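*Asks:*
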Amino acid sequence: MKTQNLRTILLTICCVSYLLVGAAIFSALEYEEDQEMRKNMTILHKTLTKKYNISDEDIGKWLQYLDSKANIDADLYQWSFAGSVYFATTVITTIDSRETRFDHTYVGISLLFIFFGLTIVGSVMNQLALRLLTASQTKETTDQLLVEGPCLCEKCSRRESIDIFNLYPSDLSTTLLKNYEEEIAFTTYKGLHRKRASI
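All residue numbers for the sequence shown refer to our numbering, where the first residue is 13 and numbers rise by one.
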């Protein structure tokens, strides 16, 4: 297995493992308390229906109204494993270790954490996307060089210089990737050509 493929697989496994471990921890810490709260709510429901003589149908309609008003999905338990994955993702991406305060220091530190978090997550995702996109293209370019030979090498050495300051960021990244692929293919061809010449 190639090193770049192994690195891509390891990055993906690390991200998923980090989320799953966080979800398991939050589920273990909070699930019992959540179930206790649900049990208390059931007892309160029975007490209210008995004390104020409210039918189950009326209280069901009222609870349905409150549920819709709060926009809560009643089918998903908050501290089930799926809910814990959501919470772990939220913690990883947004929440600081201290309680929420809105002074200047807290806002500055939060923005710093968000900036670095987005940078790191964006870099990892960019790395994964580039590995997936360029793996097949590099092989095609190398195969093309092996077939067409020295005429393409002359094209590589006669490339026009590009003014990178007048390009959009997407054009710049595409141009840099294309040049990088051509350099890899050219270097590979030179190495293979030398091996053939020595035989």
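The beta carbon of each residue, even a glycine, is placed where N, CA and C say it ideally should be.
The structure displayed is predicted, hence computed values, not measured ones.
Specify whether the segment 70-80 and the segment 14-28 touch according to this definition: at least 3 beta carbon pairs, one from each stretch, less than 8 Å apart.
*Replies:* no
*Asks:* I think Ser24 touches Leu140, with their Cβ atoms under 8 Å apart; what is that distance to the nearest whole Å?
*Replies:* Note that residue 24 is Thr in the sequence shown here, rather than Ser. That belief holds up - the Cβ atoms of Thr24 and Leu140 are roughly 7 Å apart, short of 8 Å.
*Asks:* If you compare alpha carbons, which of Lys58, Gly129, Glu45 and Val28 is closest to Ser92?
*Replies:* Glu45
*Asks:* Measure from the alpha carbon of Val28 to the alpha carbon of each residue in Lys58, Lys51, Thr117 and Val133, then state which is nearest.
*Replies:* Val133
*Asks:* Determine the burial state of Ser39: buried for a count of at least 16 other Cβ atoms within 10 Å of its Cβ, exposed for fewer.
*Replies:* buried
*Asks:* Is DSSP giving Trp74 helix, strand or coil here?
*Replies:* helix
*Asks:* Run the CB neighbour count on Gly129, radius 10 Å, all protein chains shown included, and call it buried at 16 or more, exposed below.
*Replies:* exposed
*Asks:* Report buried or exposed for Ser135, applying the criterion of at least 16 other Cβ atoms within 10 angstroms of its Cβ.
*Replies:* exposed
*Asks:* Which of helix, strand or coil does DSSP assign to Asn138?
*Replies:* It is helical.
*Asks:* Taking the continuous alpha helix (DSSP H) assigned at Asn17, which residues delimit it?
*Replies:* Thr15 to Lys63
*Asks:* Taking the beta carbon of Ala35 as the centre, do at least 16 other beta carbons fall within 10 Å, making it buried, or is it exposed?
*Replies:* buried
*Asks:* Could you give the DSSP three-state label for Ser92: helix, strand or coil?
*Replies:* coil
*Asks:* Using CA coordinates, which residue listed in Tyr98, Trp74 and Phe127 is at the minimum distance from Thr61?
*Replies:* Trp74
*Asks:* Decide if Ala94 is buried, meaning its Cβ has at least 16 other Cβ atoms within 10 Å, or exposed.
*Replies:* When all chains shown are included, Ala94 counts as exposed.
*Asks:* If we call anything under 8 Å between Cβ atoms a contact, is Thr131 one with Leu31?
*Replies:* no
*Asks:* Indicate the three-state DSSP secondary structure (helix, strand or coil) for Ser122 in the structure shown.
*Replies:* The answer is helix: DSSP assigns Ser122 an H, G or I state.
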